[in-house]
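Worksheet: one structure, shown below.
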């Protein structure tokens, strides 16, 4: 039904009568004027069923009966295995299987229409009671009319069974169902399900003024006729023949709207014009009974089976949509946890470790300044006090504040774990609440899985002991900022001693040279001065190299402290926060994937049987028959 033409009221009627489903085939062609049934052109992917055959229609139907029975049994099996929750639908499909085994089944006709549409006049004309109406116009009960030797009524809260002495009902083994008028069921349109689905044929009565203009009437076509339910449009009219073409034009337009989403191969409802007079009544009766009962019942049974499968599929699709919504929630939860974890980790790196880096850089700069303030020539009388001077200088830069900061950091990590665990638990609770009202087996199992994850994995995480708050503090306390200072002191002392020994040896050589007669001013003093300058220059370069190397060692030690703290924090962070929460989310996602695969498998089973039923509907609709 076109959304532009349906009112909001009609849309509610359509949703209540039948759940929406995707279009399963091309839109059938609608006859515009003829009241005869229309057989659409054969599709290339359908078995040919319209080839001329000398066999009567019952013979053509007989070779399809095993397939029809098998399709009905497959539908019932799916209802049982997939857990059809509505016992009415279980009874309807079970009734189809029982009816298929009946040798002389009664043809059940449902007469529908709005108030004053002429539906009661049609009922009275069919049973041969044109003078008085058996069914009241404003009744809120469903009337079941069947043959009886004498008129007798048996009433219940919602139904009235009427036995009436109608030769037409007796001779054709018929019964008529008359539910309340369509406009009286605006608040309870589902009351039409049983009368329509328990019937084999639907007579939708409209008068010449309405011409199916009511959205309630078109909703009947969209909900049932599009799925193959044998339907006939009866127009109650007192007009002359010159208005019949105009009426047919309006009716055809309304049918094209109501049958827009019909299955491929489903023929358009035939239209009958009921006028006053015995001839019109006889024509109406013969038109209703001109199709063989087995063909009508086969169409009706397959249509009901298709609607039952459509209901099952709609339920499975709804379950799949809910699981996809859960998947989006879990993905969002995982992203939120990752964001919070990244924030906490970045806070540690950018604030807590930054404090360590600032102190470390100050220590390196202090060592560099102390060594730069000590030229090599001062080493001869201050070399043995370098370690003492550096220790006094480094004592000004304490890591005590960093120790307390690390203790606070791990305490904050425990709080972060509790907060993220509560967030994860509340999200899983929201998922359980979202699916708690569902009776779908896969969704119910998934709710149990989520509840178990929440009550075991997350509950255990909440009661787990917090991380050791003193791990990082102990590592800082055990760190020695002036590590290697004594070794550096020893190397400096050795350098000074070697230089002093070299200078003393040079002096002895110079004195010996003078004693041996080498000119003092010409050779000894210039040569000795040059050799002494070379030794002192080497000492200065060696001292600069040793100082740079020592500063590099101090800087590397400070960097190793940062790396050691970061590695320890990573270990605590992963074991206390990341791994447990990621495991909980992973378990929930695996459970969701498993249930979604189950639902997809169920949908595939339904589609396979649905395709079989649709093909059988196509073949049964194409069976030719000879009218009397």
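Numbering (UniProt numbering), first residue to last: 1 to 628. Built from N, CA and C at the ideal position, the CB exists for glycine as well. It should be emphasised that the depicted structure is a prediction, and the values quoted were computed from it without experimental measurement.
Problem - Extent of the continuous beta strand (DSSP E) run through residue 164 - result: Residue mapping note: residue 164 aligns to position 164 of the chain shown, counting from 1. Element bounds for residue 164: 159 to 164.
Exercise for the section: Count the other C-beta atoms from every protein chain shown that fall within 10 angstroms of the C-beta of residue 576, then say buried if there are 16 or more, exposed otherwise. Expected result: The residue you call residue 576 lines up with position 576 of the chain shown. Burial call: buried.
Practice task
For the alpha helix (DSSP H) containing residue 110, list its first residue and its last residue.
Solution key: In the chain shown, the residue the question calls residue 110 occupies position 110. Residue 110 -> not in any alpha helix (DSSP H); beta strand (DSSP E) instead, spanning 107 to 112.
Handout entry: Straight-line gap, residue 72 to residue 302 (C-alpha atoms, nearest Å)
Key = The sequence position of residue 72 within the chain shown is 72, counting from 1. The sequence position of residue 302 within the chain shown is 302, counting from 1. Distance between the alpha carbons of residue 72 and residue 302 is about 7 Å.
Exercise for the section: Use the C-beta contact count for residue 187: other C-beta atoms within 10 angstroms, 16 or more gives buried, fewer gives exposed. Expected result: For this step, residue 187 is matched to residue 187 along the chain shown. Burial call: exposed.
Handout entry: Nonlocal neighbours in the same chain, by C-beta distance under 7 Å from residue 584, ignoring five residues either side
Key = Taking the first residue of the chain shown as position 1, residue 584 is located at position 584. The answer, listed in chain order, is 424, 453, 457, 458.
Handout entry: Beta-carbon spacing of residue 180, residue 139 below 8 Å
Key = For the purposes of this step, residue 180 is taken as the residue at position 180 of the chain shown. For the purposes of this step, residue 139 is taken as the residue at position 139 of the chain shown. In this structure, residue 139 lies closer than 8 Å to residue 180 by Cβ.
Problem - Three-state secondary structure assigned by DSSP to residue 653 - result: An answer regarding residue 653 cannot be provided, because it is not within the stretch 1 to 628 covered by the chain.
Handout entry: Inter-residue Cα distance where the pair is residue 269 and residue 326
Key = Translated into the one-based positions of the chain shown, residue 269 becomes position 269. Translated into the one-based positions of the chain shown, residue 326 becomes position 326. Taking the straight line joining both Cα atoms gives about 43 Å.
Practice task
Report the partner residues of residue 233 according to the DSSP bridge assignment.
Solution key: By one-based count along the chain shown, residue 233 stands at place 233. Answer is 204, 271.
Handout entry: Cβ-based neighbour list, residue 432, same chain, cut-off 8 Å, excluding 5 preceding and 5 following
Key = In the chain shown, counting from the first residue as 1, residue 432 sits at position 432. Taken in chain order, the residues that qualify are 447, 450, 451, 454.
Handout entry: Rounded separation between residue 581 and residue 321 - CA only
Key = The sequence position of residue 581 within the chain shown is 581, counting from 1. The sequence position of residue 321 within the chain shown is 321, counting from 1. Taking the straight line from one Cα to the other gives about 26 Å.
Practice task
Grab me the residues of residue 477's own chain with a C-beta within less than 7 Å of its C-beta, minus the 5 sequence neighbours each way, in chain order.
Solution key: Within the chain shown, the letter at position 477 stands for residue 477. If we look at residue 477 and ignore the five residues flanking it on each side, its Cβ neighbours are 403.
Practice task
Indicate whether residue 634 and residue 473 have their beta-carbon atoms separated by less than 8 Å.
Solution key: It is not possible to answer for residue 634, since the shown part of the chain is limited to 1 through 628.
Practice task
Can you tell me the Cβ-Cβ gap for residue 112 and residue 172, rounded? I've got them flagged as a contact below 8 Å.
Solution key: Within the chain shown, residue 112 is the residue found at index 112, counting from 1. Within the chain shown, residue 172 is the residue found at index 172, counting from 1. With 8 Å as the limit, residue 112 and residue 172 do not qualify as a contact, their Cβ atoms being about 20 Å apart.
Practice task
Leaving aside the five residues before and after residue 510 along the sequence, list all residues of the same chain whose C-beta is less than 6 Å from its C-beta, in chain order.
Solution key: Looking up residue 510 in the chain shown gives position 510. 524, 528, listed in sequence order.
Exercise for the section: Assign residue 49 to buried or exposed, taking buried as 16 or more other Cβ atoms, counted over all protein chains shown, within 10 Å of its Cβ. Expected result: Taking the first residue of the chain shown as 1, we reach residue 49 at position 49. Any reading at residue 49 must be qualified, since the residue scores a pLDDT of 38, below 50, and its modelled position is unreliable; no value is offered.
Problem - Segments assigned beta strand (DSSP E), at least 3 residues, entirely inside the segment 241 to 311 - result: 270 to 274
Handout entry: Any 3 or more C-beta pairs closer than 8 Å across the segment 482 to 499 and the segment 534 to 544
Key = yes
Problem - Cβ pair count under 8 Å reaching 3, the segment 285 to 297 against the segment 550 to 563 - result: no
Practice task
List in chain order: all unbroken alpha helix (DSSP H) runs of 4+ residues lying wholly within the segment 388 to 441.
Solution key: 400 to 435
Exercise for the section: Mind the definition here: the segment 220 to 235 touches the segment 192 to 211 only if three or more C-beta pairs lie below 8 Å; say whether that holds. Expected result: yes
Exercise for the section: Could you name the residues of the same chain whose beta carbon sits closer than 7 Å to that of residue 469, not counting the 5 residues immediately before and after it, in chain order? Expected result: Start at 1 with the first residue of the chain shown, and residue 469 comes out as number 469. The answer, listed in chain order, is 407, 410, 411.
Exercise for the section: Can you have a look at residue 516 and say buried or exposed, based on whether 16 or more other CB atoms are within 10 angstroms of its CB? Expected result: What you label residue 516 is simply residue 516 of the chain shown in a count that begins at 1. Per the 10 Å Cβ criterion, exposed.
Practice task
Please confirm whether residue 266 and residue 621 have their CB atoms less than 8 Å apart.
Solution key: Here residue 266 refers to the residue found at position 266 of the chain shown. Here residue 621 refers to the residue found at position 621 of the chain shown. Yes; because the gap between Cβ atoms is below 8 Å, this pair is in contact.
Handout entry: Buried or exposed (CB count within 10 angstroms, at least 16 for buried), residue 228
Key = Counting from one through the chain shown, the residue named residue 228 turns up at place 228. Buried, because 16 or more other Cβ atoms sit within 10 Å of the Cβ of residue 228.
Exercise for the section: Leaving aside the five residues before and after residue 547 along the sequence, list all residues of the same chain whose C-beta is less than 6 Å from its C-beta, in chain order. Expected result: Along the chain shown, one-based indexing puts residue 547 at 547. Once the five neighbours on either side are set aside, the close Cβ partners of residue 547 are 371.
Exercise for the section: Identify, in the order they occur along the chain, each residue of the same chain with its Cβ nearer than 7 Å to the Cβ of residue 166, setting aside the five sequence neighbours on each side. Expected result: As a working mapping, residue 166 is identified with position 166 in the chain shown. 127, 128, 147.
Exercise for the section: Take residue 417 and list the residues in its own chain whose beta-carbon comes closer than 6 Å to its own, dropping the five residues that flank it on each side. Expected result: The sequence position of residue 417 within the chain shown is 417, counting from 1. Contacts found: 576, 577.
Problem - Contained alpha helix (DSSP H) runs [length at least 4] in the segment 523 to 601, N- to C-terminal order - result: 525 to 573
Handout entry: Bridge-paired residues (DSSP) for residue 152
Key = Working through the chain shown from its first residue, we reach residue 152 at position 152. According to DSSP, residue 152 bridges with 163.
Problem - Between the CA atoms of residue 318 and residue 616 - distance to the nearest angstrom - result: For the purposes of this step, residue 616 is taken as the residue at position 616 of the chain shown. For the purposes of this step, residue 318 is taken as the residue at position 318 of the chain shown. The straight-line gap from Cα to Cα measures roughly 27 Å.
Exercise for the section: Note down, in chain order, each residue of its chain lying with its Cβ closer than 7 Å to the Cβ of residue 52, except the 5 sequence neighbours on either side. Expected result: On the chain shown, position 52 is the one that residue 52 refers to. Residue placement at residue 52 is poorly supported in this model, since its pLDDT is 39, which falls under 50; the coordinates are not used for a value here.
Exercise for the section: Give the range of the alpha helix (DSSP H) segment to which residue 623 is assigned. Expected result: Walking along the chain shown from the start, residue 623 turns up at place 623. First-last for residue 623: undefined, no H or E at that position.
Problem - Buried versus exposed call for residue 352 [16 or more other C-beta atoms within 10 Å across all chains shown] - result: Here residue 352 refers to the residue found at position 352 of the chain shown. By the neighbour-count rule (16 or more Cβ atoms within 10 Å), residue 352 is buried.
Problem - Burial state of residue 400, where buried means 16 or more other Cβ atoms lie within 10 Å - result: In the chain shown, the residue the question calls residue 400 occupies position 400. Label assigned to residue 400: exposed.
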